[in-house]
Amino acid sequence: MGALASLLIAIATSLLITRIAAVALAMTGLSKDSAPFQA
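So this is what it looks like as structure tokens:
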């Protein structure tokens, strides 16, 4: 059970960091379509 919780937390954290990076790249002028790919 603990391993499953750890895995879910790791996946959620990874997705959150990727979204923050995509927003940051979009704010620098990168197109909104390519920002998530670059992140």
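With the first letter of the sequence shown counted as 1, position 18 gets the number 18 in this note's numbering; the numbers rise by one all the way through.
Just so it is clear, CB atoms sit at the ideal spot from N, CA and C, and this is done for glycine as well.
- Message: According to DSSP, simplified to helix, strand and coil, what is Ser31?
- Response: The count along the sequence shown starts at 1 and reaches residue 31 at position 31. In the structure shown, Ser31 sits in coil (DSSP, three-state: anything other than H, G, I, E or B).
- Task: Return the CA-CA distance between Leu4 and Ala12, expressed in angstroms with no decimal places.
- Result: Mapped onto the sequence shown, residue 4 falls at position 4. Mapped onto the sequence shown, residue 12 falls at position 12. The alpha-carbon atoms of Leu4 and Ala12 are separated by roughly 12 angstroms.
- Message: If distances are taken between C-alpha atoms only, which option among Ser6, Ser34, Gly2 comes closest to Arg19?
- Response: Within the sequence shown, residue 19 is the residue found at index 19, counting from 1. When each option's Cα is compared against that of Arg19, the closest is Ser34.
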